[in-house]
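Below: one structure, written as structure tokens.
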Amino acid sequence: MKTTIFLAIFLLISQVNFSEEIEKNDKQFVATITGDTSLLNARQAYKINTDLRFLYDRPRLQDAVNNVPNNLVNSLKDIVSTPYYPYSIAALGSSLALMPTDPWTIKQSRTIAENLNMSENHDYKNLGFLKIVPGNVNSAFYFLGNGTTVILIGGGLATYGLINDDYRSLSTSLQLMESLVVTGLFVQPLKRITGRESPFVTEAEGREYSHWTFAPSFKQYGRNTSRYDAMPSGHLTTAMSALVVIAENYPEKNWIKPVGYGLLGLLSFEMMQSKVHWASDYPIALLLGYITGKNIANQRIIREENRITKKKSIQKKIQLTTSSIYDI
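Residues 0 to 327, numbered by numbering that gives the first Met the number 0, are exactly what the sequence shown covers, in order.
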């Protein structure tokens, strides 16, 4: 799987670099002939609604690398910032509240899955040299949170962007790659600190509640990862961050959020019925995914409001308010 990820990123990087070089040469040639240097810094605009449009600079690979530290720091700040800290407290509180119910939710999810003839085992078949084709329904749901899924979506957006010279599509594809890196930098330390075992390990040892090993050694963690990596869910963090990135860049596509959150629900259910994660592993994962996705998208999107339309709207509201007062 690691080889697959590195290969996919390498191919995406190669495409972006090749495209950047062609674009750069074309613009330099036109600027030399016409004397119009503004072409060298052109932006593309996308109308979101009558009051708002998004502007995108030409995506550059180095921005994806350079933005990672900023996104990491800004996400850490947001967790304790005024707009988000109530959600951070709620996520922590929800995790604590769900822990006593964890054995029950695992049993109930498995009962539902059995009624639907869903296996708790994951099975994947080869596509060429890549083992990425789900062999059953629950494996397909589980694959939604796999980093390879994000890479495939990013690769599709990159291909579309290169063919159509679409800055938004290219930018979104790079943002998705950033989301994989940033969420990994958040999730892995937390997993290694909390050291919570997966439900199937707990069940195999005849217990109902999970065992926690605070900060297991690197050797312990590497030798038997499933004993220590349940909290928080990396799959759910990855999927949530990717969904937020896509939804933030394409807010006019009304179907993205309902479809995306529906798929997140299926992923969450699958990981409980297959005894990979406890329900209490989810709230913090969702919080981290949301905050990182928002930061990554906000770093790239330039928002431009239609001030004339907005001013007219405000004036109209004032007139209506004044009319109401006089009617009274």
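Even for Gly, the Cβ is constructed at its ideal location relative to N, Cα and C.
Query, Result
"Three-state secondary structure (DSSP) of E196", "coil"
"Rounded separation between Q298 and P85 - CA only", "23 Å"
"Residue range of the alpha helix (DSSP H) that includes I362", "This structure cannot settle anything about residue 362, because the visible part of the chain is limited to 0 through 327."
"Host beta strand (DSSP E) of A44 (start-end)", "R42 to N48"
"CB of S177 within 8 Å of CB of V72, strictly", "Correcting the residue identity first, residue 177 is Glu in this sequence and not Ser. No."
"Same chain, Cβ closer than 7 Å to L179, five either side skipped, listed in chain order", "G146, V149 and T237"
"Close-in-space but distant-in-sequence residues of the same chain around S197 (CB under 6 Å, 5 per side omitted)", "S225, A229 and V275"
"Candidates Y45, K218 and F268, of which the one nearest S232 by Cα", "F268"
"Per DSSP, cross-strand counterpart(s) of D56", "R42"
"Residues of its chain near Q43, where Cβ-Cβ distance is below 6 Å and the 5 sequence neighbours each way are ignored", "Y55 and Y166"
"DSSP state of I300 mapped onto helix, strand, coil", "coil"
"Cβ pair T182, S240 closer than 8 Å", "yes"
"Three-state secondary structure (DSSP) of P133", "strand"
"Expected contact under 8 Å - CB spacing of V243 and G292 to nearest Å", "3 Å"
"Beta-carbon gap between L265 and F140 smaller than 8 Å", "yes"
"Option nearest N70 by Cα separation, candidates F213, L91 and G288", "G288"
"Start-end ranges of the alpha helix (DSSP H) lying completely within the region 252-279, minimum 4 residues", "255-272"
"Length of the line joining the Cα atoms of E373 and E113", "The first residue shown for the chain is 0 and the last is 327, placing residue 373 beyond what the model contains."
"Range of the contiguous beta strand (DSSP E) that encloses L126", "Y123 to L126"
"Which listed residue (I255, Y260, Y281 and E251) has its alpha carbon closest to that of D50", "E251"
"Best match in R52, E303, E304 and R59 for proximity to T171 [C-alpha to C-alpha]", "R59"
"Continuous alpha helix (DSSP H) stretch holding L95: start and end", "Y84 to L97"
"Neighbourhood of F53 by C-beta, 8 Å cutoff - its chain only, sequence neighbours within 5 removed", "A44, Y45, I47, R167, N248, I300, I301, R302 and E303"
"Cβ shell of D77 (< 7 Å), same chain only, five flanking positions each side left out", "Y83, I290 and N294"
"C-alpha gap between G127 and L151, whole angstroms", "15 Å"
"Under the three-state DSSP convention, the category L286 falls into", "helix"
"Cβ-based neighbour list, L95, same chain, cut-off 8 Å, excluding 5 preceding and 5 following", "S279"
"Three-state secondary structure assigned by DSSP to D77", "helix"
"Spatial distance of L143 from L262 (CA atoms)", "8 Å"
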